[in-house]
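Enquirer: Supplied in structure tokens, the structure appears directly below.
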Amino acid sequence: MKFFADTADTAAIRELAEAGLIDGVTTNPSLIHKAGRDFIEVTKEICALVDGPVSAEVVALDHPTMMREAETLRKIADNVCIKVPLTIDGLKTCRALTGDGTMVNVTLCFSANQALLAAKAGATFVSPFLGRHDDNGWDGLDLIRDIRLIYDNYDFATEILAASIRHSVHVLECARIGADVMTAPPAVIKGLANHVLTDKGIEGFVADWAKTGQTIPLD
Ligand code: G3P
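Using my numbering, you'd call the opening residue of the sequence shown number 497 and step up by one each time.
See below:
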């Protein structure tokens with residue numbers, strides 16, 4: 497499963513990229529607002545930090561204006577992936593953009609039927625929002641399972657990008673189900689390294705090593 501960082505915080509992206517932990521980045525208008533940076537400028541910086549896809553979202557609601565915004569965004573870098581909402585206008589934009597080789601992430605997916613439409617429109621990625629699904633009383637993991645089943649039934653090439661990930665159990669279950677990608681806040685990705693027994697083990701080794709009185713010679 498590929499890992500994308502769901503953030504526009506360039507320092508956090510740099511840290512994860514240097515550790516080899518991320519394959520791409522997703523942003524959205526709320527994350528751009530949180531970063532407090534110019535959209536085009538920060539997207540350009542992010543695109544230089546990672547080799548993989550960087551989702552940048554259009555904000556227009558009608559197809560012609562979405563196309564014009566996408567035109568601006570895709571000039572930022574070769575690894576820009578245009579993010580469009582799961583609406584008929586968004587799907588029209590998806591079809592037009594993927595038809596000429598641009599990556600498209602169809603976002604705000606909350607049902608398996610919507611994901612079916614995204615695949616039919618040729619989306620590179622579809623983003624089911626797991627956490628927001630859970631928040632509203634449905635089971636987000638069931639949604640990912642249904643989409644996986646449907647895409648496999650018909651060999652759709654669209655990748656399932658599990659979004660709105662809130663915690664490590666979401667990550668684990670998405671990997672079990674076979675989501676192609678998951679995007680999560682940097683803290684969730686870094687948190688996957690945590691284990692109480694790892695901390696306890698380090699503590700024990702450090703204490704025992706001190707008792708040997710030895711040091712490892714440094715070059
Ligand atoms: O990038 C879209 C998605 O991951 C948003 O997550 O936590 O705002 O529901 P959240």
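Even glycine gets a Cβ: it sits at the ideal position worked out from N, Cα and C.
For I509 and L557, I'd like the C-alpha separation in whole angstroms.
Expert: For the purposes of this step, residue 509 is identified with residue 13 of the sequence shown, where counting begins at 1. For the purposes of this step, residue 557 is identified with residue 61 of the sequence shown, where counting begins at 1. Those two C-alpha atoms are separated by around 29 Å.
Enquirer: With which residues is D502 paired in a DSSP beta bridge?
Expert: Here residue 502 refers to the residue found at position 6 when the sequence shown is read from its first residue. Partner(s): T522.
Enquirer: If the criterion is Cβ atoms closer than 7 Å, does the pair A504 and I528 meet it?
Expert: Stepping through the sequence shown from its first residue, residue 504 is reached at position 8. Stepping through the sequence shown from its first residue, residue 528 is reached at position 32. Yes, the pair counts as a contact, with Cβ atoms nearer than the cut-off.
Enquirer: Give me, in chain order, the residues of the same chain whose beta-carbon lies closer than 7 Å to that of D585; leave out the 5 immediate sequence neighbours on both sides.
Expert: Within the sequence shown, numbered from 1, the residue matching residue 585 stands at position 89. Within the same chain, D585 has close Cβ partners L557, D558, H559, M562.
Enquirer: With three or more beta-carbon pairs closer than 8 Å as the criterion, would you say the segment 615 to 628 touches the segment 590 to 600?
Expert: Enough Cβ pairs lie closer than 8 Å, so yes.
Enquirer: Indicate whether L587 and L626 have their beta-carbon atoms separated by less than 7 Å.
Expert: Your numbering for residue 587 matches position 91 in the sequence shown. Your numbering for residue 626 matches position 130 in the sequence shown. Going by C-beta atoms, L587 is not nearer than 7 Å to L626.
Enquirer: Smallest Cα separation from D630: which of T654, A611, V665?
Expert: Counting from one through the sequence shown, the residue named residue 630 turns up at place 134. Of the candidates T654, A611, V665, the one whose C-alpha sits nearest the C-alpha of D630 is V665.
Enquirer: For a test of the three-state rule: what should DSSP assign to T561, helix, strand or coil?
Expert: Residue 561 sits at position 65 when you count from the first residue of the sequence shown. If DSSP states are grouped into helix, strand and coil, T561 belongs with the helices.
Enquirer: Could you tell me the alpha carbon to alpha carbon distance between S607 and E699, rounded to whole angstroms?
Expert: Locating residue 607 in the sequence shown gives position 111, where the first residue counts as 1. Locating residue 699 in the sequence shown gives position 203, where the first residue counts as 1. So the two alpha carbons sit approximately 47 Å from each other.
Enquirer: Using DSSP with H/G/I as helix, E/B as strand and the rest coil, what is I643?
Expert: For the purposes of this step, residue 643 is taken as residue 147 along the sequence shown, with counting starting at 1. Here I643 sits in helix by DSSP.
Enquirer: Quick check: the segment 646 to 663 against the segment 704 to 714, are there 3 or more CB pairs under 8 Å?
Expert: No: fewer than three Cβ pairs fall under 8 Å.
Enquirer: Answer with buried or exposed for P624, where buried requires no fewer than 16 other C-beta atoms within 10 angstroms of its C-beta.
Expert: Within the sequence shown, the letter at position 128 stands for residue 624. Its Cβ being crowded by 16 or more others within 10 Å, P624 is buried.
Enquirer: Closer than 6 Å: is that where the CB of D547 sits relative to any heavy atom of ligand 1?
Expert: In the sequence shown, counting from the first residue as 1, residue 547 sits at position 51. No.
Enquirer: Closer than 6 Å from C-beta to any heavy atom of ligand 1: which residues, in chain order?
Expert: Residues flagged by the Cβ proximity filter: D502, T522, N524, F625, G627, R628, A659, S660, T679.
Enquirer: R564: buried (16+ other C-beta within 10 angstroms of its C-beta) or exposed?
Expert: If you number the sequence shown from 1, residue 564 lands on position 68. By the neighbour-count rule (16 or more Cβ atoms within 10 Å), R564 is not buried but exposed.
Enquirer: N575: which of A680, P549, L582 sits nearest, CA to CA?
Expert: Taking the sequence shown and counting its residues from 1, one reaches residue 575 at position 79. Closest option to N575, Cα to Cα, is P549.
Enquirer: Kindly provide the ranges of any alpha helix (DSSP H) runs that are 4 or more residues long and lie completely inside the segment 649 to 693, ordered along the chain.
Expert: Entirely contained in the segment 649 to 693, the alpha helix (DSSP H) runs reaching 4 residues are, in chain order, 664 to 673, 682 to 687.
Enquirer: Cutting at 7 Å between CB atoms, please list the residues of its own chain near A680, excluding the five before and the five after it.
Expert: As a working note, residue 680 is residue 184 in the sequence shown. Taken in chain order, the residues that qualify are D502, I661, V667.
Enquirer: In this structure, how does DSSP classify L626 when only helix, strand and coil are distinguished?
Expert: As a first step, residue 626 is located in the sequence shown; it is residue number 130 there, counting from the start. Helix.
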